[in-house]
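Student: Take a look at this one; I'll ask things after.
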Amino acid sequence: MCASERLEPVRHRLGPALLVIIHDLPALIFLPLGDDASEFMIDENGVFILNDVSAEEFLVLLNAIYPPVAEITKENVMVLLKLCSRFGVEHLIMKCEQYLMSEEGQQFFDPLQMLEVSTVYKMAALQTNSLSKLRTANHVRKVLDDPRMEHSPKELRSILLETLLQRFKSDSIIQRDEASTSISMMTTDSSVELNEGQTSSAESMEVASLREELRKQEALRMNLEMSLKCARDFIQDTERKVGAAGEASTSVEGSATVSQLEEKIADVKLWNVGEAPPP
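Next up, the structure:
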């Protein structure tokens, strides 16, 4: 990938689009940079060096964009999602979502993988479709108990907990209807009423516990967001005041401070009640 001869062999922060010239390809390729805003190194030969992108992965992206367009498969869909998200190729993200919702895609990826992808890449349709396949509370609990959840996006757990509460309500209604039918047919069996009461009591306690856990997670998240907002407002207000006094360089330093603060707050780990906080 060669840069235009007008570009100097120094580090550049590129604008909203990246011009790529591929050897042996009679066309120019424009790729948007999306929200990544990464720096790209241009060496003394005028070659762009894309950080964290291999040549093989980049060719997968190009083959999916330019004729003859390659089909989306289980082998390339995850690579395409990663690069399309980075470079802002929205139409390919939509095609990937459609593939994952297709019969073929459903065969190769399990519910947790689908939910992780839909959460990371903000795919609302895929997320709704995946949650709809978790028809009962036991199905949702099975995903929550999966060891891979430890490495899943944190917001996915909150989504699954909300879904679990909804499934508990639905399951309780179905069980009450079934129990009422059974009681009407077996009026002499008094043990049915006792078992129903015990089941309802146990389910109510579990639902209450899940509600409390969800409430705590939401409260912690809101506190973190509020702290970040207050800190950002304070730093930006300081920048404006100092800038009025003629110190223009403070804006860049303040922006870097905001980024560092966001990174630190994003690294905060939640620990369970009763455990000692991390050092």
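Residue 289 is where the sequence shown ends in our numbering, and the numbering goes up by one at each step. The beta-carbon is built from N, C-alpha and C at its ideal position, and this holds for glycine as well. Since we're looking at a predicted model, the values are computed, not measured.
1) Rounded to whole angstroms, what's the CA-CA distance from I39 to L238? Just pull it up for me.
2) What separation, rounded to the nearest whole angstrom, lies between the Cα atoms of V299 and E100?
3) From what residue to what residue does the alpha helix (DSSP H) around R96 run?
4) Cα-Cα, which of K132, D155, L175 is closest to A147?
5) In whole angstroms, what is the alpha-carbon distance linking S142 and L69?
6) State the Cα-Cα distance for the pair V217 and I245, rounded to the nearest angstrom.
7) Alpha carbons only, please: which of R167, R250, E249 is nearest the one belonging to L220?
8) From which residue to which residue does the alpha helix (DSSP H) around A65 run?
9) Tell me which residue opens and which closes the alpha helix (DSSP H) that Y109 is part of.
10) Among the candidates L71, M111, Q108, L122, whose CA atom is the shortest distance from the CA of F97?
11) So, under 8 Å CB-CB, K105 and I82 are touching, yes? Tell me the CB distance rounded to an integer number of Å.
Tutor: Looking at the coordinates:
1) Caution applies to I39, whose pLDDT of 49 falls short of 50 and renders its modelled position unreliable; the value that the coordinates give is listed next. Using only the alpha carbons, I get a separation of about 39 Å.
2) The structure shown does not extend to residue 299, since the chain is modelled only from 11 to 289, so the question has no answer here.
3) 87-97
4) L175
5) 35 Å
6) 42 Å
7) R167
8) 65-75
9) 100-111
10) L71
11) 6 Å
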